[in-house]
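Residue numbers (our numbering), protein chains in the order written: chain A, 1 to 352; chain B, 353 to 704. Here a beta-carbon is modelled for each residue, glycine too, at the ideal position from N, C-alpha and C.
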DNA sequence: CCGAGAAGCTAATAAATATTGCTAAACTTA
DNA sequence: TAAGTTTAGCAATATTTATTAGCTTCTCGG
């Protein structure tokens, strides 16, 4: 009658976790509930969480479909309030996939508030959700709240240092490679790069991909072709001007679409025609990309697929080690990346 | 039939179900787990399941006293998956306000699927949420599912024909008036309007506001100054060109910011300088508005305030009749609406 | 009509977890 | 260094669900 193979002789209880961690059952409970009332030292918390992971502790009946009334639910928790559509698309993917199994999705935005996070996780524990997706707007390393350990959890667009949870992030480096390779294939050789702010993972990795693709094509990375931006139109605008003051590249790869907007403008001010006299490549496939003139060739963040993967992982077989999956970022070809050689995309094609 | 005063966030326990079904807690446990060959009569089983359904009982892990654990929750349900940031801002406002009272917010996106809506409402009924916000991405009339009546509900950015629920929508007409008055105050007289698609409430009402402000200033509405757009940059671009082919207005009021983007571009193509030789006004205060050059003066949709109002209404006194509130849309002055007069506030007949 | 089962349920109890205080140590301050 | 305060953890306890061991009644063969 039991679906799980791992039922074994005895189910793992808090008491066993406590024994292994050398603390009391109460302490384990406190750590897992993230209750503020109780103060637990970092060392003890670490030991407890380690024991939880090693023993694979789950509160009773986790994963078992509630036989009584009530629907199955997956909760997804975002660190920041999502003003970008990225979040929405992940949610959509997650939801699609979950609904196939008749599972609802509940979204919560915590604003990074630890108290809020704890309250939500506790509520979801009481609701006995199928699993929890802990998601970040910006791709980055996170320190998930301890209480996440009591759930079947997946990290979306982020990852934890200890690798305690399964996670999925975009393959930014390979995306940067893809973009650069597209420019190379269009015949460009002097390809400039406008980075984001250096503290952002995404910016770094896209640049690494750029450099790697150049090297793979037998070209050297020319530092004078690299400018620092700020992921905003203003930064793209300024960086493009600085770039053109110094040299004239065949193509400009902007580390995100917003900077490409500023880049377009600066290029027009210099009398260039994007897609004809010079090429531009973006990253992110934000909505604005398709409305630019010419429409911007860019790289798509696979947010939908990442969301789907989370649902599949939570609803799927319980074993699955805590691996980090990097998901491919495909290019969206629209025309701006052509140069003198090709591309007759001068007209706005029925702009949608 | 409702058991009167809010018994607070106490979760339904087996004991309560047993009481209602007139059996013992053990019997409920047997019925729900159906484990052994314990024999339960069909009649008793039916009674128990009925009580479970009526009370919305859902099992919780063994040994979880509900003291403070039963967090209070407000649910918000969007008809479409939110790719626009509007939704996010409403949610933020709702959440801020709710969290002041220690209440969590759970978001769900139904994609307009009636089955999904029903499933969510049923789940929330079982959870005993404080209230439900039924929200729409596009301002419009909706037909809320019947099950919504079981909750304390508010409609956000939409309204029902029968006026059964309290609702809050932006005062689009007055926003259109405000925008137009700003242009009048900047000294413009020949003010053009680029509408959205005519089936959209928002577009119509913004135009009504435009017309009303003109009349209030003693001007007549000149149909040759009105062009139909499509709420996209392409439409703004085309409409601006059509407009300039026919006549030359002092100012162009675009029914949304996206069209203003296309409008800017067309004006540049015509050799105009936005904010100096000609004025442009947007609507929505989308993010792009502040990145345009010059930054776009626009009208803000009060999504945050609307969200806050929903929380306050749900958490507030229960009487409050089912009224429709139209919330003011303030202007965001950035510079694009000035013209040759350079921002001197010429006296406007009928204004102030 | 009697007694062995069986059917249908409950009381009592076990197991798991959450929470309230309390205590001992460490750390401050006077 | 003594007194107070904070920190870190635990024992004890409360609350819920699962399970065991019956307790009643009903049925039916003899």
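- When Cβ-Cβ separations below 8 Å define contact, residue 443/B makes contact with chain A.
- The criterion of a C-beta distance shorter than 8 Å is satisfied by residue 383/B and residue 397/B.
- Every alpha helix (DSSP H) stretch that sits fully inside the region 141-226 of chain A and reaches 4 residues is listed by chain position as 172-185, 201-216.
- Rounded to the nearest whole angstrom, the C-alpha separation of residue 534/B and residue 599/B is 22 Å.
- At least 8 Å separates the beta-carbon of residue 622/B from that of residue 652/B.
- Among the CB atoms of chain B, one or more fall inside 8 Å of the CB of residue 233/A.
- Residue 634/B is a Cβ neighbour of residue 612/B, given a cutoff of 8 Å.
- The C-alpha of residue 210/A lies about 6 Å from the C-alpha of residue 180/A.
- Of all residues in the region 466-485 of chain B, only 468, 471, 472, 474, 475, 478, 479 come within less than 8 Å of chain A when Cβ atoms are compared, listed by chain position.
- Cβ-Cβ distances below 7 Å link residue 618/B to 589, 592, 593 in the same chain, with the five nearest sequence neighbours on each side left out; the list follows chain order.
- Rounded to whole angstroms, residue 667/B and residue 450/B show a C-alpha spacing of 8 Å.
- Looking at the backbone, the Cα of residue 645/B and that of residue 620/B are separated by about 11 Å.
- Note on geometry: alpha-carbon atoms of residue 142/A and residue 148/A lie some 12 Å from one another.
- With its beta carbon less than 8 Å from one in chain B, residue 95/A belongs to the interface.
- Within the DSSP secondary-structure output, residue 131/A pairs in a beta bridge with 74/A.
- Under the Cβ distance rule, residue 429/B does not count among the residues neighbouring chain A, no pair being separated by less than 8 Å.
- Short of 6 Å from the beta carbon of residue 297/A, and not among the five residues preceding or following it, lie these beta carbons of its own chain, in chain order: 281, 333, 334, 336, 337.
- Each of 639/B, 630/B, 366/B was checked against the Cα of residue 539/B, and the nearest Cα belongs to 630/B.
- The beta carbons of residue 328/A and residue 171/A sit closer together than 8 Å.
- Per DSSP, reduced to three states, the secondary structure at residue 234/A is helical.
- Less than 8 Å separates the beta-carbon of residue 92/A from that of residue 307/A.
- Around residue 501/B, no beta-carbon contact reaches into chain A at under 9 Å, the shortest distance being about 20 Å.
- Beta-bridge analysis with DSSP links residue 106/A to 75/A.
- In terms of Cβ geometry, residue 157/A and residue 196/A do not form a close pair [threshold 8 Å].
- When DSSP states are grouped into helix, strand and coil, residue 652/B belongs to the strand group.
- Interface flag for residue 643/B against chain A is set, since a Cβ pair is found closer than 8 Å.
- Shortest Cα-Cα distance from residue 317/A to any of 223/A, 131/A, 75/A involves 131/A.
- In the structure shown, residue 261/A adopts helical secondary structure according to DSSP, grouped into three states.
- C-alpha of residue 377/B to C-alpha of residue 400/B: approximately 10 Å in a straight line.
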